[in-house]
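Peer 1: Under the working numbering, think of the first position of the sequence shown as 31, with each following residue one higher. So that we are looking at the same thing, I have put the structure below in structure tokens.
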Amino acid sequence: MQERNYSEARADLANLHEHALRHLPTRITRRRSEPVVVVSEADFRALLTPYSFHPDVFFDGPTVAIWLPELAIWGRGGSFADAKEDLLDEIEQLLALLESDERARLAPNMVARVPWIYRLMGAASDDELIELLFAEPASDAQGPKLAAV
């Protein structure tokens, strides 16, 4: 992996960008700080592909609940659409908290969920977010499970 110090990287950002687009990561070091790695968005997304979501949907009388085990959060409502909307709101609140609160990001229960959190952070729209959460499962993956409570 190519390595640059921070000053070199700043001065040569255009070449670092092109390097990443050619699927070649670059480690950037800075005195008194941990190194970072620059990769293309396509490579970043590819690295996270194995971290899929497997929502569980529960129907309990007039209530629908969607449990997202990868983030340990619920969405609830009077219909599937309402529960899905509530789940999206919960995700939005979680991501806002993690972006603003370093202690929350470093909490052990969040550190274990980082790949799934990064997948959600990379979603460009609500439609993409819904596709990530409720995508058709791959043939070797578990799909959403439906259960009556």
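All C-beta atoms, glycine included, are put in the ideal place defined by N, C-alpha and C. On a predicted model such as this, the values are computed, not experimentally measured, just so you know.
Classify VAL69 as helix, strand or coil using the three-state DSSP reduction.
Peer 2: If DSSP states are grouped into helix, strand and coil, VAL69 belongs with coil.
Peer 1: In the DSSP assignment, find the beta strand (DSSP E) that holds LEU98 and state where it starts and stops.
Peer 2: Residues 93-98.
Peer 1: Do the CB positions of GLY105 and GLU122 come within less than 8 Å of each other?
Peer 2: No, Cβ-Cβ distance for GLY105 and GLU122 is not below 8 Å.
Peer 1: So, helix, strand or coil for PRO174, using DSSP?
Peer 2: At PRO174 the pLDDT is 47, less than 50, meaning the model places this residue with poor confidence; the figure from the coordinates comes in the next sentence. If DSSP states are grouped into helix, strand and coil, PRO174 belongs with coil.
Peer 1: Check whether the region 40-47 touches the region 108-120, taking contact to mean three or more Cβ pairs, one atom from each stretch, closer than 8 Å.
Peer 2: With the cut-off at 8 Å, the region 40-47 and the region 108-120 do not touch.
Peer 1: Contact defined as beta carbons within less than 8 Å: I believe ARG75 pairs with GLY152. What is the distance between those atoms, to the nearest angstrom?
Peer 2: Their Cβ separation, rounded to whole angstroms, is 6 Å, which keeps ARG75 and GLY152 in contact under 8 Å.
Peer 1: Spell out a yes or no on whether the region 89-96 and the region 57-72 are touching, meaning 3 or more CB-CB pairs, one atom from each, closer than 8 Å.
Peer 2: No, because fewer than three Cβ pairs between the region 89-96 and the region 57-72 fall closer than 8 Å, the two stretches do not touch.
Peer 1: Note down the Cα distance separating LEU3 from TYR36, rounded to an integer number of angstroms.
Peer 2: Residue 3 falls outside the range modelled here, since the chain spans only 31 to 179, and no answer is possible.
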